[in-house]
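Visitor: Just so you know, the protein sequences line up as chains C and W, in that order. Every position in the first sequence, counted from 1, becomes a number in this note's numbering once 6 is added. Every position in the second sequence, counted from 1, becomes a number in this note's numbering once 22 is added. Before I ask anything, here is the structure I am working with.
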Amino acid sequence: MKWDISDIKDWGPGKHEPGAVIPEAGNARAYKTGGWRTNRPVRDDDTCTQCLFCFFFCPDASVLLEEGKVADFDLDHCKGCAICAKECPVDAITMHPEAEFRRKAQ
Amino acid sequence: MSAATEQLLAVTGNQAVAMAMKQLDPDVVAAYPITPQTDVVQTFSQYVADGLVKAEFVTVESEHSAMSACIGSAAAGARTMTATSSAGFALMWEVVNVAASMRLPIIMTTVNRAISGPINIHCDHSDSMGGRDTGWIQIYNEDAQEAYDATVMSFPIAEHPDIRLPLMNMYDGFIISGAIGPLRPLSDDAVKAFAGESPDGHSLLKPEEPVTMGPFDGLHGWYFEHKISQNRAMEAALPIIQDTYDRFAELSGRQYHHLMQYDMDDAEVAIVVIGSAAGTTRTVIKTLRDEGIKAGLIKIRTFRPFPTEEMVRALSGVKAVAVLDRADSFGAQGGPLYLETLAALYQKGGRAKTVNCVYGLGGRDLYPQNIEDVYRMLVDAAAGGDLPHSRVYLNMKGE
């Protein structure tokens with residue numbers, strides 16, 4: 007079923023499924039956890055050998071592929087755990103404080 | 023009345039409950055043995071081994087695992103039962119709360135036994151009373167017949183669409199669990215018909231309707247609102263439990279209420295108690311009534327949700343009441359029953375004088391003389407005397 011939670015911020019006790027059941031599959035995508043991240047992964051495309059270790063090891067499916075090759079990180083869901091950086095055999099991924107990106111953006 | 027068999031059996035409390043479980047034949051029983059509950063699950067596992075039930079019996083390595091297995095089973099939509107006592111209940115604690123918050127109608131028999139220490143295997147209510155705030159419906163039973171009947175009534179209450187809460191049935195360890203008493207069972211067909219089929223709901227085994235159960239609530243989620251929903255389900259349960267008691271009376275001829283009242287119509291002094299001590303109290307009442315003392319008894323069956331209005335009505339004409347607790351709440355103003363009763367009276371403007379008596383901890387005997395002493399203390403108070411403000415301990419050594 008499609009679970010309409012568009013006004014969930016205003017939901018009181020009677021609106022939720024009893025037992026906090028989530029009656030829809032695959033909606034974790036709608037729950038953006040990227041804001042938990044302290045350090046952001048950055049991949050150097052020149053160093054990267056496309057071994058896909060980062061893709062397989064990422065616990066949040068946040069390494070995005072395009073045509074079988076690592077293209078980007080899903081920063082809406084990456085929590086910055088740095089497993090990708092740790093597992094990368096050629097050190098193509100480095101972790102950088104989120105504050106740096108905010109400063110650059112400003 | 024046709025559902026009642028002509029049989030009159032002599033069985034222990036545990037055998038009575040195992041028999042009800044056999045007749046209910048739930049989908050799954052996951053349990054770990056502990057004194058004095060052991061022969062509930064031992065007897066049931068024999069039924070499984072003998073092919074008398076279809077239930078899947080899951081042998082687990084601890085009570086924490088027992089309740090966890092029950093949660094998985096109930097989440098899959100299976101009718102699920104278990105049983106425990108004392109330390110086993112304590113070990114389940116974490117997941118006992120999870121079962122209630124996931125709104126899974128698991129049925130658990132908790133045979134009351136003291137919580138350690140010193141290590142003690144005998145009866146008191148400190149195990150299930152310690153779990154009174156876990157979100158489970160709690161029904162306390164006086165004898166084997168009540169425990170059997172309560173087990174038969176469990177699923178229609180717990181599974182009711184407006185409730186969906188786990189339910190635990192209690193009776194006194196050894197005194198009831200191991201002692202032989204009379205049982206008039208219902209026929210297998212009557213039990214099955216009364217329990218009916220579980221209503222359709224979310225299940226982990228419906229791939230066409232995938233759901234997530236037991237999710238993380240988020241950093242700033244709706245935990246608060248879910249807790250309120252649990253409490254509202256408890257409030258909704260009170261009339262539904264009584265309705266189930268009434269329907270059961272039509273079937274069995276045995277009428278239950280949240281509070282069972284004895285000689286309360288004209289009572290001036292009353293005792294409030296739970297469990298097997300009610301039987302002893304009734305015999306004392308007979309003696310006192312012969313003397314012209316207007317003594318009465320209120321036995322609590324439904325403790326969660328607590329029948330506040332009914333308690334206040336029952337005590338409305340009473341001048342002095344003693345609440346007997348078989349569990350203490352250390353550092354509190356009294357035992358759990360006393361605090362509930364006192365809060366109910368105060369909220370509704372009740373004027374009865376009250377006293378809290380703690381008895382039977384770790385299986386300490388409660389003699390008719392102890393109860394008679396309590397009633398005589400109440401009679402003095404009803405005539406204008408004062409009642410002690412601190413706990414009165416019944417049959418305590420050394421003082």
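Each residue gets a CB set at the ideal place from its N, CA and C atoms; glycine is no exception.
Could you name the residues that DSSP lists as bridge partners for Pro47 (chain C)?
Guide: C:Met101
Visitor: Quick check on DSSP: helix, strand or coil for Val82 (chain W)?
Guide: Looking at Val82 (chain W) - three-state DSSP - the assignment turns out to be coil, as it is neither helix nor strand.
Visitor: Can you name the residues of chain W whose CB is closer than 7 Å to the CB of Pro19 (chain C)?
Guide: Glu247, Ile250, Ser251 and Arg254
Visitor: Candidates C:Val69, C:Lys75, C:Lys92 and C:Phe61: which alpha carbon is nearest His83 (chain C)'s?
Guide: C:Val69
Visitor: What residues in the stretch 26 to 40 of chain C have a beta carbon less than 7 Å from any beta carbon of chain W?
Guide: Ala26, Val27, Ile28, Pro29 and Ala31
Visitor: Taking Cβ to Cβ, would you say Gly301 (chain W) is nearer than 7 Å to Ala166 (chain W)?
Guide: no
Visitor: Counting only runs of 3+ residues fully inside the stretch 261 to 319 of chain W, write out the beta strand (DSSP E) ranges in chain order.
Guide: Listed in chain order, the complete beta strand (DSSP E) runs (minimum 3 residues) inside the stretch 261 to 319 of chain W are 281 to 284 and 291 to 295.
Visitor: When burial is assigned at 16 or more other CB atoms within 10 Å of the CB, is Tyr54 (chain W) buried or exposed?
Guide: buried
Visitor: Rounding to the nearest angstrom, what Cα-Cα distance links Ala354 (chain W) and Ser412 (chain W) in this structure?
Guide: 11 Å
Visitor: Between the C-alpha atoms of Met124 (chain W) and Met41 (chain W), what's the straight-line distance to the nearest angstrom?
Guide: 28 Å
Visitor: Taking contact to mean 3 or more Cβ pairs, one atom from each stretch, closer than 8 Å, check whether the stretch 47 to 62 of chain C and the stretch 246 to 265 of chain W are in contact.
Guide: no
Visitor: Return the residue from the list C:Asp13, C:Asn33 and C:Thr44 that minimises the CA-CA distance to His102 (chain C).
Guide: Looking at the Cα atoms, C:Thr44 is the closest of the given residues.
Visitor: Please name the residue, chosen from W:Asn119, W:Ile307, W:Val80 and W:Ser84, that lies closest to Met103 (chain W) on a Cα-to-Cα basis.
Guide: W:Val80
Visitor: Quick check on Asp53 (chain C): does DSSP put it in helix, strand or coil?
Guide: Looking at the sequence itself, residue 53 (chain C) is Thr, so the reference to Asp does not match. Residue state, collapsed to three classes: coil.
Visitor: Kindly indicate which residue of C:Pro29, C:Ile11 and C:Ser12 has the alpha-carbon position closest to the one of Pro229 (chain W).
Guide: Nearest of C:Pro29, C:Ile11 and C:Ser12 to Pro229 (chain W), Cα basis: C:Pro29.
Visitor: At the level of alpha carbons, what is the spacing between Gly200 (chain W) and Ile14 (chain C)?
Guide: 52 Å
Visitor: Pick out whichever of W:Gly240, W:Asp265 and W:Val343 has its Cα sitting closest to the Cα of Ala36 (chain C).
Guide: W:Gly240
Visitor: Mark Phe79 (chain C) as exposed unless 16 or more other C-beta atoms lie within 10 angstroms of its C-beta, in which case mark it buried.
Guide: Answer is buried; the Cβ neighbour count reaches 16.
Visitor: I'd like to know whether the C-beta of His22 (chain C) is nearer than 7 Å to at least one C-beta of chain W.
Guide: yes
Visitor: By the three-class DSSP mapping on this structure, what secondary structure does Phe66 (chain W) have?
Guide: Shown here, Phe66 (chain W) sits in a helix according to DSSP, grouped into three states.
Visitor: Classify Glu72 (chain C) as helix, strand or coil using the three-state DSSP reduction.
Guide: Strand, per DSSP.
Visitor: Cβ of Thr102 (chain W) less than 7 Å from any chain C Cβ?
Guide: no
Visitor: Going by other Cβ atoms of all chains shown within 10 Å of its Cβ, with 16 needed for buried, is His242 (chain W) buried or exposed?
Guide: exposed
Visitor: For Arg326 (chain W), decide whether its Cβ has a neighbour in chain C, counting only Cβ atoms nearer than 7 Å.
Guide: no
Visitor: Helix, strand or coil for Val50 (chain W) per DSSP?
Guide: strand
Visitor: Determine the contact status of Thr132 (chain W) and Met192 (chain W), defining contact as a CB-CB distance below 7 Å.
Guide: Between Thr132 (chain W) and Met192 (chain W), the C-beta gap is smaller than 7 Å, which places the two residues in contact.
Visitor: According to the neighbour-count rule (16 or more other Cβ atoms, all chains shown, within 10 Å of its Cβ), is Lys321 (chain W) buried or exposed?
Guide: buried
Visitor: Does the beta carbon of Trp244 (chain W) come closer than 7 Å to any beta carbon on chain C?
Guide: yes
Visitor: Just the Cα atoms here: how many angstroms apart are Ser220 (chain W) and Asn119 (chain W)?
Guide: 22 Å
Visitor: Return the residue from the list W:Cys379, W:Ile56 and W:Ala38 that minimises the CA-CA distance to Gly110 (chain W).
Guide: W:Ile56
Visitor: Per DSSP, Gly203 (chain W) is paired with what?
Guide: W:Val33
Visitor: Pull up the distance between the alpha-carbon of Ala172 (chain W) and that of Val213 (chain W), whole angstroms please.
Guide: 11 Å
Visitor: Does DSSP classify Tyr162 (chain W) as helix, strand or coil?
Guide: strand
Visitor: Counting beta carbon pairs with one atom in the stretch 298 to 313 of chain W and one in the stretch 264 to 280 of chain W, are three or more of them shorter than 8 Å?
Guide: Segment contact: the stretch 264 to 280 of chain W against the stretch 298 to 313 of chain W, fewer than three CB-CB distances shorter than 8 Å; contact not assigned.
Visitor: From the beta carbon of Met124 (chain W), is the nearest beta carbon of chain C less than 7 Å away?
Guide: Chain C, which has a Cβ nearer than 7 Å to the Cβ of Met124 (chain W), makes this yes.
Visitor: Chain C partners of His182 (chain W), CB-CB under 7 Å?
Guide: Those do not exist, as His182 (chain W) stays about 12 Å from chain C at its closest Cβ, beyond 7 Å.
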